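Notes follow once the structure below has been shown.
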Amino acid sequence: QVQLVESGGGLVQPGGSLRLSCEASGSIFNFNAMGWYRQAPGKQREMVARIFSGGSTAFKDSVKGRFTISRDYAKNTLYLQMNDLRPEDTALYYCNLVLNYINYWGQGTQVTVSS
């Protein structure tokens, strides 16, 4: 059974940075995609960044140039480096894994951008 545990969220001022981590347990060698989604109060969950098994990546337009997604294969950990954070980035951030075309989700980590 695959489990995903996120960490790294918190309160940060506009313009600040955070790095989210998602540690996966279990064998995820043959993953299809991993990524980060977010959900703000009253809004639908949206894709923020994804990395695919072939190494390609995809980003939400509003985070391009500010967020970076990466993976440490040895640690089974996915990262989201978030720079130049804005109040509109405030949301609950979820880690997602697609393994054998099955979706797995973490519990989420809160990111709040406020002065």
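According to this note's numbering, the residues represented by the sequence shown are 27 to 141, in order.
C-beta atoms are modelled at their ideal positions from N, C-alpha and C, and glycine is treated no differently.
As the structure is a prediction and not an experimental result, all values here were calculated from the model.
key: Counted within 10 angstroms of its Cβ, other Cβ atoms place TYR99 as buried (16 or more) or exposed   = By the 10 Å Cβ count, TYR99 comes out exposed.
Every unbroken beta strand (DSSP E) within the stretch 102 to 127, with a cutoff of 3 residues, ordered by chain = 103 to 108, 117 to 125
Proximal residues to ALA27 (C-beta, below 7 Å), its chain only, five neighbours per side dropped = The amino acid occupying residue 27 in the given sequence is Gln; Ala does not appear at that position. Around GLN27: GLY52.
ask   = Among PRO40, VAL139, TRP131, which has the Cα closest to the Cα of ASN49?
value = Sequence inspection shows Glu at residue 49; the Asn mentioned does not correspond to that position. Residue TRP131 is the option with its Cα nearest to GLU49.
key: For LEU104 and THR116, the rounded distance between their alpha carbons   = 20 Å
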